Amino acid sequence: MEWKLLALRTESGKPNDKALTEILSPYRQHRSALTDGLRLSKSNFAGAKAIVIAGYSYKDMPLEPAIGAFEASAATVVKLSQRSEASFSGLSHPVHQEGKVFAWLIEGEAN
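Be aware that the sequence shown starts at 165, since it is given in this note's numbering, and climbs by one per residue.
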């Protein structure tokens, strides 16, 4: 299982310019969710393999566009299960107060 955090804002509330790279980059050196999924699909690990992305949402920066872009990009390299998701809220941090956790099983490499 690979986990990634999608924080579109920094701790101080400024836009996080690196957030999408950590999720969408096709370059192995960036160790993104996309390349982690491909690496897992090729691994010989026994049992289920999964990608989990936990993200903070903001009124002006919702998570859905980034998650949709991840799913579209991932479909070119791996076969993902249907998305599972759960919301969370009530966090005490002044910037990161709510969000969602998304998860997919990796069912193999894309055809």
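Beta carbons are placed, not taken as given, at the ideal position from N, Cα and C, and that holds for glycine. These figures come from a predicted structure and were not determined experimentally.
Euclidean distance between Cα positions of A183 and L172: 6 angstroms
Only counting runs of 4 or more residues, tell me where the alpha helix (DSSP H) segments fall wholly within the region 203-252, in order along the chain. 228-238
Please report the distance separating the alpha-carbon of L269 from that of V259. 30 angstroms
What is the rounded straight-line gap between the Cα of P226 and the Cα of R192? 26 angstroms
DSSP on A183, reduced to helix/strand/coil? helix
Given a cut-off of 7 angstroms, decide if V242 and A274 are closer than it, judged by their beta-carbon atoms. yes
How close, in whole Å, do the beta carbons of A238 and G263 come, if the pair is a contact with beta carbons under 8 angstroms? No, A238 and G263 are not in contact; Cβ-Cβ is about 20 angstroms, not under 8 angstroms.
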